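Visitor: So for the sequence shown, my numbering puts the first residue at 14; every next one is plus one.
Cβ atoms here follow ideal geometry from the backbone N, Cα and C, with glycine treated the same way.
All figures in this text were calculated on a predicted structure; none of them were measured in a lab.
Questions regarding the structure given below will be posed in turn.
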Amino acid sequence: MKLAIVTEFYYPHLGGITEHVHNVALFATRKGHDVTVITSNIGNNEGLKDTHYKIIRLGTSSLIYSNGSFARFNTSFNSFRLLQETFKKEKFDLISVHNPITPTLPYASLMYTDTATVGTMHTNFKNNFFASVCKPLIKKIVERMDGTITVSKCSAQALSKYVDFIPKVIPNGVNIEHFNPQVAPVQKFVDGIKNIFFIGRFDPRSGLDKIIKVFPEIKRKYGKVRLIIAGNGPLKNYYKSLAKHYGCSNDVHFIGYIRDERPQYYATADVVVVPFQISSFSITLLEAMAMGRPIVASQIEGHDELMEHEQEGLMFPFHDNKAFAHSILTLLDDEEKAKKYGLRAYKRAQRYSWDTVSDEILAYYNEVIH
């Protein structure tokens, strides 16, 4: 199969869609398919050591604020023309479009091709003004596609408020070759001090402010503990100032953008915190589970499709900071319980190996083509 994957979200932008696109492309290429990722210019391909598929970057991408997060938007006038020319030249068998209701490259991919198309929806929201206003357009987009995938049941339910469709639910996956309990930790943080680890985009719905706010109490009650924060974003200086405001900046380590080093940092964690406000199917949570790490996660839609409270970790109501802090302290204090949850998380994560999940996605692509 000659496959194009069109997305506004790709490296160096970190997030669930980026990881999904990369791993589908990677495993499809391994299985003999000819794969091209088509995306915007937000950086070069430096550092993508394990990428054996083609990458085409069209136009320039800018950040916009949407649904409690910072999304990307292609702002180049000639991008649509270049996209048409690429489709005409390459003659793909199928075009996989990620978040096709994004009104730039993904949307154009549906409007400017007669090739078979599959849209993958990663969105989850309660009520969305844009979706309400653009309901006829969303209906047109869904009808235009030959197939639709959602990464979770809650994502399908969110979109079903605005359009009548029956998608194929295929979850995100995790690369268990990279994310597994045998990975060595980051040595500079192996010094007898317990490590709490957060990784995510620096935006309002990530819950990063929550862990910074409760960390002083955890430090006061437990003592030898530090907070390691990985990620980047427009609000970086705000979160750094928040740590300073709460008097804990000396024990909070902002390590910046990480990609290939992610497994090592998960391995360093005594507790991984995933306090997100909104999620469709969290790859961050899945990576932590595959590493066999003890997890404290917010009890939200998207998370509850992956783990259960007191089974693969501890879950807390998103707005309850006391419960959040108590859950972290519980796992720091009770190593046996933390180890038990981590083992269960590891076992459950094996169901979501990208090798298996990519087979299901590719089978669906073939079904659409034929």
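I want to know whether the segment 354-372 touches the segment 176-191 - three or more CB-CB distances under 8 angstroms.
Guide: Because the criterion of three Cβ pairs below 8 angstroms is met, the segment 354-372 and the segment 176-191 touch.
Visitor: Of the choices 165, 247, 347, 268, whose alpha-carbon is the least far from that of residue 296?
Guide: Sequence index remark: in the sequence shown, residue 296 carries index 283 (1-based). It is 165.
Visitor: Quick one: grab the DSSP three-state call for residue 150.
Guide: In the sequence shown, the residue the question calls residue 150 occupies position 137. Residue 150: helix per DSSP, three-state reduction.
Visitor: Entirely within the segment 186-232 and at least 3 residues each: give me those beta strand (DSSP E) ranges in chain order.
Guide: Entirely contained in the segment 186-232, the beta strand (DSSP E) runs reaching 3 residues are, in chain order, 207-212.
Visitor: Hey, which unbroken runs of the alpha helix (DSSP H) at 4 residues or more fall wholly within the segment 274-348?
Guide: Fully enclosed alpha helix (DSSP H) runs of 4 or longer: 275-281, 296-303, 334-346.
Visitor: Tell me whether residue 207 is buried or exposed, calling it buried when 16 or more other Cβ atoms sit within 10 Å of its Cβ.
Guide: Sequence index remark: in the sequence shown, residue 207 carries index 194 (1-based). With 16 or more Cβ atoms within 10 Å of its Cβ, residue 207 is classed as buried.
Visitor: Leaving aside the five residues before and after residue 199 along the sequence, list all residues of the same chain whose C-beta is less than 7 angstroms from its C-beta, in chain order.
Guide: Walking along the sequence shown from the start, residue 199 turns up at place 186. Taken in chain order, the residues that qualify are 277, 278, 281.
Visitor: Quick one: what's got a C-beta closer than 6 angstroms to residue 109's C-beta in the same chain, skipping five residues either side?
Guide: In the sequence shown, counting from the first residue as 1, residue 109 sits at position 96. Excluding residues within five positions, the ones whose Cβ falls inside 6 angstroms are 18, 131.
Visitor: Quick check on residue 231: buried or exposed, where buried means 16 or more other Cβ atoms within 10 Å of its Cβ?
Guide: For the purposes of this step, residue 231 is identified with residue 218 of the sequence shown, where counting begins at 1. Answer is buried; the Cβ neighbour count reaches 16.
Visitor: Do you know offhand how far residue 78's Cα is from residue 137's?
Guide: Counting from one through the sequence shown, the residue named residue 78 turns up at place 65. Counting from one through the sequence shown, the residue named residue 137 turns up at place 124. Because the pLDDT of residue 78 is 49, which lies under 50, any placement of that residue in the model is unreliable, and the number read from its coordinates should be weighed accordingly. Spanning the two alpha carbons is a distance of roughly 15 angstroms.
Visitor: Between residue 33 and the rest of its own chain, which residues show a CB-CB distance below 6 angstroms, the 5 nearest in sequence each way excluded?
Guide: Within the sequence shown, residue 33 is the residue found at index 20, counting from 1. Excluding positions up to five away in sequence, the list reads 185.
Visitor: Going by other Cβ atoms of all chains shown within 10 Å of its Cβ, with 16 needed for buried, is residue 379 buried or exposed?
Guide: Working through the sequence shown from its first residue, we reach residue 379 at position 366. Exposed is the call here.
Visitor: My output table needs one value for residue 250: the three-state DSSP class, helix, strand or coil.
Guide: For the purposes of this step, residue 250 is taken as the residue at position 237 of the sequence shown. If DSSP states are grouped into helix, strand and coil, residue 250 belongs with the helices.
Visitor: Starting from residue 124, follow the beta strand (DSSP E) in both directions and report where the run begins and ends.
Guide: Working through the sequence shown from its first residue, we reach residue 124 at position 111. No beta strand (DSSP E) contains residue 124, which is instead part of the alpha helix (DSSP H) from 118-124.
Visitor: Measuring CB to CB, does residue 118 end up less than 8 angstroms from residue 150?
Guide: Here residue 118 refers to the residue found at position 105 of the sequence shown. Here residue 150 refers to the residue found at position 137 of the sequence shown. Against a cut-off of 8 angstroms, the Cβ pair of residue 150 and residue 118 comes out as no contact.
Visitor: Near residue 261, what residues of its chain come up, given a Cβ to Cβ distance below 8 angstroms and the 5 sequence neighbours on each side ignored?
Guide: Indexing the sequence shown from 1 puts residue 261 at position 248. 225, 228, 229, 232, 240.
Visitor: Determine the direct distance from the alpha carbon of residue 252 to that of residue 167, and round the result to whole angstroms.
Guide: Locating residue 167 in the sequence shown gives position 154, counting from the first residue. Locating residue 252 in the sequence shown gives position 239, counting from the first residue. Approximately 30 angstroms between the Cα atoms of the pair.
Visitor: Going by CA-CA distance only, name the one from 173, 169, 172, 181 that's closest to residue 159.
Guide: Position 146 of the sequence shown holds residue 159. For the residues 173, 169, 172, 181, the minimum Cα distance to residue 159 belongs to 181.
Visitor: Have a look at residue 341 and residue 129 and give me their C-alpha separation to the nearest angstrom.
Guide: Along the sequence shown, read from residue 1 onward, the residue named residue 341 stands at position 328. Along the sequence shown, read from residue 1 onward, the residue named residue 129 stands at position 116. Approximately 48 angstroms, taken between the alpha carbons.
Visitor: Please confirm whether residue 16 and residue 48 have their CB atoms less than 8 angstroms apart.
Guide: On the sequence shown, position 3 is the one that residue 16 refers to. On the sequence shown, position 35 is the one that residue 48 refers to. Yes, the Cβ-Cβ distance between residue 16 and residue 48 is below 8 angstroms.
Visitor: To the nearest angstrom, how far is it from the Cα of residue 292 to the Cα of residue 375?
Guide: Start at 1 with the first residue of the sequence shown, and residue 292 comes out as number 279. Start at 1 with the first residue of the sequence shown, and residue 375 comes out as number 362. Going by the C-alpha atoms only, they are around 24 angstroms apart.
Visitor: Could you spell out where the alpha helix (DSSP H) holding residue 29 opens and where it closes?
Guide: As a first step, residue 29 is located in the sequence shown; it is residue number 16 there, counting from the start. Its alpha helix (DSSP H) spans residues 29-43.
Visitor: Run through DSSP, which three-state label would residue 67 get?
Guide: Against the sequence shown, residue 67 aligns to sequence position 54. Strand, per DSSP.
Visitor: Could you give the first and the last residue of the continuous alpha helix (DSSP H) run that contains residue 370?
Guide: In the sequence shown, counting from the first residue as 1, residue 370 sits at position 357. 367-382 is the span of the alpha helix (DSSP H), which, as asked, contains residue 370.
Visitor: Determine the direct distance from the alpha carbon of residue 355 to that of residue 300, and round the result to whole angstroms.
Guide: Mapped onto the sequence shown, residue 300 falls at position 287. Mapped onto the sequence shown, residue 355 falls at position 342. Rounded to the nearest angstrom, the two C-alpha atoms are 12 angstroms apart.
Visitor: Any heavy atom of the ligand PLP closer than 7 angstroms to the CB of residue 275?
Guide: For the structure depicted, the ligand PLP is absent and the ligand set is empty, with no information on it obtainable.
Visitor: If we call anything under 8 angstroms between Cβ atoms a contact, is residue 285 one with residue 331?
Guide: By one-based count along the sequence shown, residue 285 stands at place 272. By one-based count along the sequence shown, residue 331 stands at place 318. No, they are not a contact pair.
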